[in-house]
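Reading through the structure tokens given below for one structure.
Residue numbers (UniProt numbering): 1 to 259.
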């Protein structure tokens with residue numbers, strides 16, 4: 001198993017907001033000279049969306065899917081002071097500290113189910129990934145996928161793990177399947193579910209899940225009014241993913257039936 005090694009960089013320049021995302025992510029430059037799409041901790045779903053993004057992205061990478069490099073990004077308080085737009089100014093102010101960045105794929109285009117190409121195995125793996133992480137937001141209306149260099153790249157998993165918005169009832173989700181997979185944008189092209197399933201079973205196990213969850217920054221797990229402490233939250237994410245892994249055959253059958 002590859003050890004996860006997430007770099008931490010500092011934001012040096014705020015370039016422009018990406019207004020197509022509901023949470024106003026932005027293109028920024030970091031002190032390593034690269035451009036990133038910055039997901040803000042101060043946005044709507046807060047740090048929980050960053051946790052979903054991180055776990056979903058690294059799980060996709062473990063499945064040999066294409067994901068831009070994820071980095072932790074330090075944002076200091078100087079940017080909000082020079083920003084004229086009040087909405088962005090507030091977002092920057094509430095996002096001081098550690099955020100999440102995705103390497104910016106220059107000239108990538110949004111995946112369009114009508115014209116974009118994707119091979120059946122890749123489509124099938126993405127469908128299974130999203131069943132495992134209960135990602136409700138990879139639909140024809142909002143694909144959250146990019147085509148770059150003739151390959152499919154996964155860029156947005158922030159709407160996954162919706163159990164963590166109410167920790168008091170999280171255990172109710174352990175045995176649930178994912179009927180919303182019927183709306184998945186790649187489901188019509190996911191004709192290699194059996195092959196994808198056997199590959200994922202070889203690539204993803206309890207150790208992979210633990211390694212990913214242990215790399216969530218401690219700071220992201222601390223929220224006022226949360227039911228759990230950070231260790232209990234880590235244990236819950238691991239338990240949830242392990243439960244889904246144990247029922248992966250059922251999840252794949254559900255997707256196949258929905259096709």
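We put the CB at the ideal spot given by N, CA and C, even for glycine. Predicted model, so just to flag it, every value in this text is computed and none were measured.
Span separating the alpha-carbon of residue i from that of residue j
i	j	result
residue 99	residue 63	24 Å
residue 209	residue 200	13 Å
residue 239	residue 81	42 Å
residue 23	residue 92	12 Å
residue 157	residue 13	25 Å
residue 112	residue 118	10 Å
residue 246	residue 207	14 Å
residue 152	residue 66	7 Å
residue 191	residue 88	43 Å
residue 123	residue 50	24 Å
residue 5	residue 235	21 Å
residue 83	residue 259	47 Å
residue 141	residue 75	31 Å
residue 250	residue 128	11 Å
residue 3	residue 94	32 Å
residue 161	residue 130	10 Å
residue 205	residue 252	17 Å
residue 214	residue 194	30 Å
Classification of residue i by the beta-carbon crowding that lies within 10 angstroms, buried from 16 upward
i	result
residue 231	exposed
residue 25	buried
residue 78	exposed
residue 47	buried
residue 57	buried
residue 71	buried
residue 188	exposed
residue 198	exposed
residue 150	exposed
residue 40	buried
For residue i: DSSP bridge partner residues
i	result
residue 17	26
residue 153	66, 146
residue 39	100
residue 9	73
residue 109	147
residue 139	184
Task: Validate contact between the stretch 238 to 252 and the stretch 124 to 135 using beta carbons, cut 8 Å, 3 pairs - done: yes
Task: the stretch 167 to 184 / the stretch 108 to 115 touching (three or more Cβ pairs under 8 Å) - done: no
Task: Touching by the beta-carbon criterion (3+ pairs, under 8 Å), the stretch 211 to 223 and the stretch 138 to 154 - done: Result no; under three Cβ-Cβ pairs closer than 8 Å.
Open item on the list: Under 8 Å: do the stretch 158 to 170 and the stretch 180 to 187 share three or more Cβ pairs, one atom per stretch?
Closed with: no
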